[in-house]
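**Student:** I am attaching a structure below and will ask some questions about it afterwards.
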Amino acid sequence: MVKLVSTLGTSPGGVAETLQNLSTGKYIAPFEPKEIKFDEFIVLRTKGTEEAYYALRAILLCCVGFEKVKEVVFPFDDIENPKDFITVRETVREMLKPGDFMDFTGGRKAMSAAAVLSARDVGAHLVSTIIDQKEYGEMMVKFNRLKDKLSNVYSKGDCRSYFCDLMSSTTRTIVFF
3 MVKLVSTLGT SPGGVAETLQ NLSTGKYIAP FEPKEIKFDE FIVLRTKGTE
53 EAYYALRAIL LCCVGFEKVK EVVFPFDDIE NPKDFITVRE TVREMLKPGD
103 FMDFTGGRKA MSAAAVLSAR DVGAHLVSTI IDQKEYGEMM VKFNRLKDKL
153 SNVYSKGDCR SYFCDLMSST TRTIVFF
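What follows is the structure, given as structure tokens:
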């Protein structure tokens with residue numbers, strides 16, 4: 003069973019693309035890329051990223067066809083002290099095993115750093131997805147316009163085709179280890 007754990011920031015940008023690119027074998031890696039079937043997908047987020055989480059969940063359901071998303075919500079908005087950093091490290095260390103994937107594309111830098119350190123400790127792959135900054139800015143405008151609609155998506159029947167406009171088709175996903 004292979005797991006993908008992703009950090010999430012204030013927008014869903016990059017996280018859905020990471021899952022899609024890894025699942026379809028469209029990534030750069032130090033090994034031959036192949037399609038990866040994830041049995042579990044966990045999103046790490048802070049309490050201030052609820053809108054982005056609901057948007058990500060809607061995009062995954064409507065545009066990627068992935069429904070099994072779990073979340074871990076940290077009780078802070080940012081890592082502000084060594085205790086918070088250790089909390090993230092220990093949480094990630096407990097959920098990953100060798101061969102799993104840690105996507106540090108989204109989220110606060112300190113949270114991503116803590117997650118990366120733990121992922122390397124357990125032998126997980128490190129992954130990030132790059133989005134052109136101009137395109138990311140355009141996607142943020144769309145996200146801010148749609149985020150209220152995205153928070154009310156509970157089934158495929160709630161999907162709208164324009165939700166998929168929040169995904170980039172020009173991203174590059176890189177598996178570093």
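Each residue of the sequence shown is one higher than the last, beginning at 3 in the working numbering.
Positions of the beta carbon are idealized from the N, C-alpha and C atoms, including for glycine.
Under a Cβ-count criterion, where at least 16 other Cβ atoms within 10 Å of its own Cβ denotes burial, should F33 be classed as buried or exposed?
**Tutor:** The sequence position of residue 33 within the sequence shown is 31, counting from 1. Exposed, since its Cβ has fewer than 16 Cβ neighbours within 10 Å.
**Student:** Tell me, to the nearest whole angstrom, how far the beta carbon of R174 is from that of I30; I am working on the premise that it is less than 8 Å.
**Tutor:** Here the question's residue 174 lines up with position 172 in the sequence shown. Here the question's residue 30 lines up with position 28 in the sequence shown. Right, their Cβ atoms sit about 7 Å apart.
**Student:** Measure the beta-carbon distance from A60 to V155 and round it to whole angstroms, keeping in mind my assumption that it falls under 8 Å.
**Tutor:** Locating residue 60 in the sequence shown gives position 58, counting from the first residue. Locating residue 155 in the sequence shown gives position 153, counting from the first residue. Confirmed, Cβ separation roughly 4 Å.
**Student:** Where does V40 sit, in a helix, a strand or coil, going by DSSP?
**Tutor:** Position 38 of the sequence shown, counting from 1, holds the residue named residue 40. The sequence given here has Phe at residue 40, not Val. Coil at F40, not helix or strand.
**Student:** Starting from the N-terminal side, write out each stretch of the alpha helix (DSSP H) that is 4 residues or longer and does not extend beyond the segment 97-136.
**Tutor:** Qualifying alpha helix (DSSP H) stretches, in chain order: 111-124.
**Student:** Note down the Cα distance separating T12 from A54, rounded to an integer number of angstroms.
**Tutor:** The residue given as residue 12 occupies position 10 in the sequence shown. The residue given as residue 54 occupies position 52 in the sequence shown. In a straight line, the C-alpha of T12 is about 5 Å away from that of A54.
**Student:** Measure from the alpha carbon of R47 to the alpha carbon of each residue in R162, I176 and D105, then state which is nearest.
**Tutor:** Position 45 of the sequence shown, counting from 1, holds the residue named residue 47. Minimum Cα distance to R47 is reached at D105.
**Student:** Kindly indicate which three-state DSSP category L62 falls into: helix, strand or coil?
**Tutor:** On the sequence shown, position 60 is the one that residue 62 refers to. If DSSP states are grouped into helix, strand and coil, L62 belongs with the helices.
**Student:** Below 8 Å between beta carbons: does that hold for S170 and T107?
**Tutor:** As a first step, residue 170 must be located in the sequence shown, where it is residue number 168. As a first step, residue 107 must be located in the sequence shown, where it is residue number 105. Contact flag unset, no.
**Student:** Measuring CB to CB, does F145 end up less than 8 Å from H127?
**Tutor:** The residue you call residue 145 lines up with position 143 of the sequence shown. The residue you call residue 127 lines up with position 125 of the sequence shown. Not a contact, by the Cβ cut-off of 8 Å.
**Student:** Within a Cβ cutoff of 8 Å, which residues of the same chain sit near I81, ignoring the five residues on either side of it in sequence?
**Tutor:** By 1-based counting over the sequence shown, the position of residue 81 is 79. Taken in chain order, the residues that qualify are F87, V90, R110, A112, M113 and A116.
**Student:** Could you give the distance in angstroms between the alpha-carbon of K70 and the alpha-carbon of F43?
**Tutor:** Residue 70 sits at position 68 when you count from the first residue of the sequence shown. Residue 43 sits at position 41 when you count from the first residue of the sequence shown. Taking the straight line from one Cα to the other gives about 7 Å.
**Student:** For V75, which of helix, strand or coil comes out of DSSP?
**Tutor:** By 1-based counting over the sequence shown, the position of residue 75 is 73. Three-state result, V75: strand.
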